Every structure is written in structure tokens, then in C-alpha cells.
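Peer 1:
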Amino acid sequence: MDLLKVDQVFSDDERYMWRCLELAIQAAGRVAPNPMVGAVLVYQGCIIGEGYHQQSGGPHAEVNCLQSVPASQRHLISQSTLYVNLEPCAHYGKTPPCADLIVAHRIPRVVIGQVDPFPAVQGRGIARLQQAGVQVQVGVLEKQCGWLNRRFFTFHQHHRPYVILKWAQSRDGYLAPPNRQRMEISHPYTRYWVHRWRAEEAAILVGARTALHDNPRLNNRYWYAIAQPSASDTGRSVRMVIDPHLQVPGTHHIFDQSMPTWIFNFLESRQEGNTHWIRLQPNASVVEQVLAYAYANQLQSLIVEGGAATLKHFLDAGLWDEARVIYSSTLLGDGLPAPVLQHAQLLDEMPCGTDRICWYQHVRSQK
Ligand code: AOF
Ligand code: ZN
């Protein structure tokens, strides 16, 4: 998906905000659970400083931007405009507040993409700037800024991870042949995408039947350069299986201890090395309990890879944000019907081998 598709005429403020996004995205995979943030300092139409938040725990974008200004131009800082895609922070976290830094540098104008939903900030950074007499403008390229940090925003605003549904379906609309025999219906090239998607999310989830019949590893075997995952605090993705009656045998790949594994079930709570069994309440929604547990453990995103029943649970509950569907050229004639997407807007599509990959966004009705 081309976040930086430039297909309209931009104002100067929007152009500098694009530059913030270009800078911010360079940290993809390294800053979670923090958002991706870029900052640009502009003096009379010239960029005199640029920076981005490069890793969790490291300096924020504003700090790196101000430090990048050459000594010969530092006297211009107090006459420049600072652009940043997220509201400057107002809290003492791993670093001191950026809002104070901006005030200390007497920057007269700050242009912000979005208000920070993080409870410690949430408008306090903007208030701090305004109290000090800084002219503040909020909401420039808000939609694009929100898209870049959609996992972070969903996590803080909806108190659950960002949910991506993924499946491959045959040309005639089936997920698998009738007898459930293991069969690759998608083109081999699509595997590189799927492994990349796994690398990008904090957790990968499947239902018991998929774990049992397909015996997947649910890891990323192609994209070693991408820290796995981009959105988790734990440093590694968690693989999750919803296995209510503990039917998946201990010899299956998901129990190989190679990565943290959570088995949601109705029978027991225990831990063995990297594997955790999490007991669910029988009379409450399984999907909601899984998401609540993931939220409590700071996982900002989750990719659901099947099977049909598990995908349907997420769809029926309306608890999904994005769907990535691989339309295969294979014909099956009969089998397990693919899920039906509702309230979905096509965002992008591209060919992959003999298949076509479509990206959809969940469009929620305005209440
Ligand atoms: C900014 N500029 O570049 C970023 C911000 O753990 P800490 O102390 O780094 O704080 C993380 C929080 O700070 C994060 O949740 C978000 O609210 C904000 N991130 N703020 O002013 C930045 N990355
Ligand atoms: Zn900050």
C-alpha cells in the first residue's frame, strides 16, 4: 500500500507534513509500542532541520530534528515553524517533554498532524505550547497521519489491538477443498507477502482446526531484516491459537517453543517455557476475551490467518480493521466457502504471481 501516494495538490503545510511522514516511516519495525513520528523545522521555505523517532526509548523526533540544525543556522530556530505528525509530548517518560523543549527554543509556530491519544499526553502538549504563546495548528494531513500510526491509535482509542484478517480464496470462492486436505491454493509468491505481514504485527492468530489440520509454524521465514514484530514490546511476535478443548497435539509446530505461544482454551491456565495456556470464561465472547488479553499484554496488532470459523467470529463481532484477501486463480469446484466481507472499502490491489491481493478497510457506520 502506497501511503505516500501523491495524487493531489498540497499546501506548503501539507508538503512539510508529508516530509514528516516520510521520515517517520523509516522507523517502521523499530519503535513499537511507540508511534512513528517525524519532525521538520522550516525557516522561510527552507528545511533547516529534520529528525525522527528512531527507536523505542530513544530521543523523540523533535529532539533529533533540533539537534540536526547546523550551528550556523541555530539562530534561525526561534523564527521557524516546526512540523510534527503527532502532538509533542508533555510527560516525563523515557525522555523529557518535547513541548518544553519547543518552548525553550522559542519556536513561534508548530504544525501538528494529530492529537496524541496516549493517556499521559492527550492534548496536554498542545495546551503547554499554547500557554507559552506558541501558535499551534492541528489536523494537517490528519487522515494520512492516522493511517501511518493506525495500530497505535486503535490500541489507545479502542483499548484493543488493531486487527487484520487474512485469507486466500479460490477463484470460485472457497477457502479449502471439501475434505479439508491440505492444499496451497495461492501462488507461491504470495507467501513472501504473508511472511512480511507476520513480521509486521505483534501477534498471529489461528483457530484450532487450522492449527490441527495445517500444522503451521506461524513464523516469518523470509524477512529476517524486519525485527519481529514491529508492534510488540516483547521484541518478538506472539502466536496465538484459539483451541477451546485443547485438541492440537503437543507434537505440532506451534509447541516447538521457538516463539511465545498463547493457547486460549476453556480448560486450563498454565505455562511451560514459552507456551502459555489461557483459560477463557465460557459465557463471554471468545474474540473479546482474546483481544482484552492481548491489550492487557500491550500487543498493538494482530493478524488472523484463519480458518473460516475464526475469521467469521471476528467478522460477526465487527472486531476487525483491515482485511487482506488473496484471490487465487485456482478453481476448486466445491469446498469450504470463504468469508463474506461487509462494510469493507477496497484500499488497494495488486497482482502477485497468478493471484491478486486486495486490501480492505473496515468502514464503520458513524454513530
Ligand atoms: C513526541 N515525539 O517522537 C514520539 C512521541 O516512552 P517514551 O518516553 O518515549 O514516550 C512514549 C510516548 O510518547 C508515546 O506513547 C507517545 O505518546 C509519545 N511519542 N511523542 O513528542 C515523538 N515518539
Ligand atoms: Zn516527545
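Start counting the sequence shown at 179; every next residue gets the next number (our numbering).
Each residue gets a CB set at the ideal place from its N, CA and C atoms; glycine is no exception.
Computed from a predicted structure; not experimentally measured.
Which residues in the same chain as residue 546 place their Cβ atom closer than 6 angstroms to its Cβ, once the five residues preceding and following it in sequence are excluded?
Peer 2: Nothing can be reported for residue 546, as the shown portion of the chain is limited to 179 through 545.
Peer 1: Span of the beta strand (DSSP E) holding residue 527?
Peer 2: The sequence position of residue 527 within the sequence shown is 349, counting from 1. Element bounds for residue 527: 522 to 530.
Peer 1: Determine whether the beta carbon atoms of residue 435 and residue 452 lie at a separation below 8 angstroms.
Peer 2: Here residue 435 is taken as the residue at index 257 of the sequence shown, counted from 1. Here residue 452 is taken as the residue at index 274 of the sequence shown, counted from 1. For residue 435 and residue 452, yes; Cβs fall inside 8 angstroms.
Peer 1: Quick check on DSSP: helix, strand or coil for residue 444?
Peer 2: For the purposes of this step, residue 444 is taken as the residue at position 266 of the sequence shown. Residue 444 falls in the coil class under three-state DSSP.
Peer 1: Could you say if the stretch 488 to 497 and the stretch 455 to 468 meet the contact criterion of at least three C-beta pairs nearer than 8 angstroms?
Peer 2: Touching, yes, given that three or more Cβ pairs across the two stretches are closer than 8 angstroms.
Peer 1: Report the residue from 375, 512, 417 and 248 whose alpha carbon sits nearest the alpha carbon of residue 207.
Peer 2: Position 29 of the sequence shown, counting from 1, holds the residue named residue 207. It is 375 whose Cα lies nearest to the Cα of residue 207.
Peer 1: Quick check: the Cα distance between residue 512 and residue 352, rounded to an integer number of angstroms?
Peer 2: To locate residue 512, count along the sequence shown from 1; it is residue 334. To locate residue 352, count along the sequence shown from 1; it is residue 174. So the alpha carbons of these two residues sit roughly 7 angstroms apart.
Peer 1: Give every residue of the same chain whose Cβ lies closer than 8 angstroms to the Cβ of residue 538, excluding the five residues on either side of it in the sequence, and list them in chain order.
Peer 2: Translated into the one-based positions of the sequence shown, residue 538 becomes position 360. Cβ neighbours of residue 538 beyond the five flanking positions: 500, 501, 502, 503, 519, 522, 523, 524 and 525.
Peer 1: Is residue 357 helix, strand or coil by DSSP?
Peer 2: In the sequence shown, the residue the question calls residue 357 occupies position 179. Residue 357: coil per DSSP, three-state reduction.
Peer 1: In the DSSP assignment, find the unbroken beta strand (DSSP E) run with residue 453 in it and report its ends.
Peer 2: Counted from its first residue, the sequence shown places residue 453 at position 275. Where residue 453 is concerned, the enclosing beta strand (DSSP E) stretches over 453 to 457.
Peer 1: Would DSSP call residue 233 helix, strand or coil?
Peer 2: For the purposes of this step, residue 233 is identified with residue 55 of the sequence shown, where counting begins at 1. Looking at residue 233 - three-state DSSP - the assignment turns out to be coil, as it is neither helix nor strand.
Peer 1: Based on the DSSP secondary-structure assignment, which residues constitute the bridge partners of residue 507?
Peer 2: By 1-based counting over the sequence shown, the position of residue 507 is 329. DSSP output for residue 507 lists no bridge partner at all.
Peer 1: When DSSP labels each residue in this structure, what does residue 480 get in the three-state scheme?
Peer 2: In the sequence shown, the residue the question calls residue 480 occupies position 302. In this structure, residue 480 counts as strand in the three-state DSSP scheme.
Peer 1: Measuring only from the beta carbon, is residue 344 closer than 7 angstroms to any heavy atom that is part of the ligand AOF?
Peer 2: Residue 344 sits at position 166 when you count from the first residue of the sequence shown. Checking the Cβ of residue 344 against the ligand AOF gives no.
Peer 1: Can you give the Cα-Cα distance for residue 509 and residue 363, rounded to whole angstroms?
Peer 2: Counting from 1 along the sequence shown, the entry for residue 509 is found at position 331. Counting from 1 along the sequence shown, the entry for residue 363 is found at position 185. When rounded, the distance between both Cα atoms is 9 angstroms.
Peer 1: Taking just the CA atoms, how far does residue 301 sit from residue 334?
Peer 2: If you number the sequence shown from 1, residue 334 lands on position 156. If you number the sequence shown from 1, residue 301 lands on position 123. Going by the C-alpha atoms only, they are around 14 angstroms apart.
Peer 1: Should residue 379 go down as buried or exposed, given a rule of 16 or more other Cβ atoms within 10 Å for buried?
Peer 2: In the sequence shown, the residue the question calls residue 379 occupies position 201. With 16 or more other Cβ atoms within 10 Å, it is buried.
Peer 1: Pick helix, strand or coil for residue 288, following the three-state DSSP scheme.
Peer 2: In the sequence shown, the residue the question calls residue 288 occupies position 110. Residue 288 falls in the strand class under three-state DSSP.
Peer 1: Cα-Cα, which of 440, 372 and 226 is closest to residue 246?
Peer 2: The residue labelled residue 246 in the question sits at position 68 within the sequence shown. Of the candidates 440, 372 and 226, the one whose C-alpha sits nearest the C-alpha of residue 246 is 226.
Peer 1: I'd like to confirm something about residue 265: is its beta-carbon nearer than 7 angstroms to some heavy atom of the ligand ZN, or not?
Peer 2: Numbered from its first residue, the sequence shown carries residue 265 at position 87. No, since every heavy atom of the ligand ZN falls outside the 7 angstroms radius drawn around the Cβ of residue 265.
Peer 1: Less than 8 angstroms between the beta carbons of residue 514 and residue 343, yes or no?
Peer 2: Residue numbering aside, residue 514 sits at position 336 when the sequence shown is read from its first letter. Residue numbering aside, residue 343 sits at position 165 when the sequence shown is read from its first letter. It is not a contact, given that the beta carbons lie outside the stated cut-off.
Peer 1: Can you tell me which of 251, 213 and 250 puts its alpha carbon nearest to the alpha carbon of residue 238?
Peer 2: As a position in the sequence shown, residue 238 is number 60, starting the count at 1. The shortest C-alpha separation from residue 238 is found at 213.
Peer 1: Let's see if you can read the secondary structure: which residues bound the alpha helix (DSSP H) around residue 321?
Peer 2: Mapped onto the sequence shown, residue 321 falls at position 143. Its alpha helix (DSSP H) spans residues 320 to 326.
Peer 1: Would you kindly check if the distance between the Cβ of residue 478 and the Cβ of residue 339 is under 8 angstroms?
Peer 2: Counting from 1 along the sequence shown, the entry for residue 339 is found at position 161. Counting from 1 along the sequence shown, the entry for residue 478 is found at position 300. Their beta carbons are under 8 angstroms apart, which means residue 339 touches residue 478 by this criterion.
Peer 1: I'd like the list of long-range same chain contacts for residue 447, defined as Cβ closer than 7 angstroms, with 5 residues on each side in sequence excluded.
Peer 2: Position 269 of the sequence shown, counted from the first residue, corresponds to residue 447. Correct list, in chain order: 455, 456 and 457.
Peer 1: So residue 547 and residue 266 are in contact, right, with Cβ under 8 angstroms, and what is the actual spacing, rounded?
Peer 2: The displayed coordinates of the chain run from 179 to 545. Any statement about residue 547 would go beyond what the structure contains.
Peer 1: Using only CA atoms, which one of 255, 254, 244 and 205 lies nearest to residue 235?
Peer 2: Residue mapping note: residue 235 aligns to position 57 of the sequence shown, counting from 1. When only C-alpha atoms are compared, the closest one is 205.
Peer 1: Can you tell me whether residue 219 is buried or exposed, with buried defined as 16 or more other CB within 10 angstroms of its CB?
Peer 2: Residue mapping note: residue 219 aligns to position 41 of the sequence shown, counting from 1. Buried is the call here.
Peer 1: Could you give the C-beta distance for residue 264 and residue 215, rounded to a whole number, given that I count them as a contact under 8 angstroms?
Peer 2: Counted from its first residue, the sequence shown places residue 264 at position 86. Counted from its first residue, the sequence shown places residue 215 at position 37. Yes, residue 264 and residue 215 are in contact; Cβ-Cβ is about 5 angstroms, under 8 angstroms.
Peer 1: Can you tell me where the beta strand (DSSP E) holding residue 417 begins and where it ends?
Peer 2: Position 239 of the sequence shown, counted from the first residue, corresponds to residue 417. Unbroken beta strand (DSSP E) run through residue 417: 416 to 420.
Peer 1: Give the single residue among 423, 341 and 427 whose Cα lies nearest to the Cα of residue 540.
Peer 2: Counting from one through the sequence shown, the residue named residue 540 turns up at place 362. Checked all of 423, 341 and 427; the closest Cα to residue 540 is 341.
Peer 1: Taking C-beta to C-beta, are residue 483 and residue 382 nearer than 8 angstroms?
Peer 2: Position 305 of the sequence shown, counted from the start, is the residue given in the question as residue 483. Position 204 of the sequence shown, counted from the start, is the residue given in the question as residue 382. Contact flag set, yes.
Peer 1: Please indicate yes or no: does the CB of residue 238 lie closer than 7 angstroms to some heavy atom of the ligand GTP?
Peer 2: No copy of the ligand GTP appears in this structure; the ligands present are the ligand AOF and the ligand ZN.
Peer 1: Alpha carbon to alpha carbon, how far is residue 326 from residue 332? Give it in angstroms, no decimals.
Peer 2: Working through the sequence shown from its first residue, we reach residue 332 at position 154. Working through the sequence shown from its first residue, we reach residue 326 at position 148. About 12 angstroms.
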